[in-house]
Every structure is written in C-alpha cells, then in structure tokens.
Amino acid sequence: MTNVFQLTRTALASAVAVTALGLATAATADDKNTQIGMLECTVEGGVGLLLGSKKDMTCTFERKDGGTEKYTGRVTKIGVDIGVTKESHIKWAVLAPSGKADAGALAGKYDGVTAEATVAGGVGANALFSVGNNLTLQPFSVQDQKGLNIAGGLAQIKLDYVTE
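Residues -29 to -1, 1 to 135 (mature numbering (1 follows the signal peptide of the UniProt record, and there is no 0)) are what the sequence shown spells out, left to right.
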C-alpha cells in the first residue's frame, strides 16, 4: 500500500511540475520585463470546496535594491479545488516592464492559472499577471504545502500594501 501511495504522490507531483514549467514559460514569454524583486507569501490552510476556495495570506516583497515591503491579501481559486491543506508558502519573481516600481506598487489584483497536487506533502504553481499595473508574478519555486488536495483552474490574488 505504501508503494501505491508513493507512486500516486510522485505521479501527481510530476503532473504539477510539468504544468508549472508551462506556466513559467508563459510568464516569461515577454522578454521586455525585468525582475525587480521577490515576493514570498504565507497562505493560510483551509478546505477546497470542489468549485474553489478563498484563503488569506501575508507577503513580504524583497526589492532587488534592498528595500522590503509588507502586503496582506487573499487568493481565490475558481475551478477544481478538493481537499484540505495546512499553511503553505509561495515564492514569485516580480517582473516589471520598466525595471522599477514605486513603494506599494504591488497592491492590486492579479489573475492567472493554478495547478497543485498534495498527498501528505505536495507542490503547486501559480502564474499571475496584474490587472492594472503591468506587473507579472512568475513562479520562482513551486508552492510548498501539506495536506490532501488537488486543484487546477483560475486564480486571483488581491494584494494590499501595509504601511508601517
């Protein structure tokens, strides 16, 4: 039974990795964008309710120029999202066409696609593009999460800038 469990987990992780590679390739199709920093988010655990989920998150944006910004937000998934996950961590490279962004510039909505699979421990990827500020969140590392979950579909993230 353990071998079947490990094989299922490996197959799901492989499928997500292939999807993540496709998402990363799509996100980098525009060579005019320049990486301006890294956005790392902690997403609360929760339950996928078949047709989607909503989870709160806290994020830190580390600029290439050395500055740091804090954001709070919510990730909403629409599509297949079945299961329970614990807190997860996601890291994106932030790309901008101008190569720079003002303080708080990441605030806003980002739309894209998501794919993830979790059996005890799992992986996922989310490629997201901003609705209004020409920024792209490119998957830098696959999502690290624990639980029992499979999800795929559309994702939206809303980020709010936290002033100190």
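Positions of the beta carbon are idealized from the N, C-alpha and C atoms, including for glycine.
- Classified as buried, V14 has 16 or more neighbouring CB atoms from the shown chains inside 10 Å of its CB.
- Short of 7 Å from the beta carbon of G44, and not among the five residues preceding or following it, lie these beta carbons of its own chain, in chain order: M28, C30, I128, K129, L130 and D131.
- Residue range S59 to A67 is occupied by the beta strand (DSSP E) that includes A64.
- For G8, the uninterrupted beta strand (DSSP E) run begins and ends at T5 to V14, by DSSP.
- Non-local C-beta neighbours of A126 in its own chain, meaning closer than 6 Å and more than five positions away in sequence, comprise K48, G83, T85 and N97, ordered along the chain.
- In this structure, DSSP gives D82 an extended state, which the three-state scheme calls strand.
- By the CB criterion at 8 Å, E40 and M9 fall outside the cutoff.
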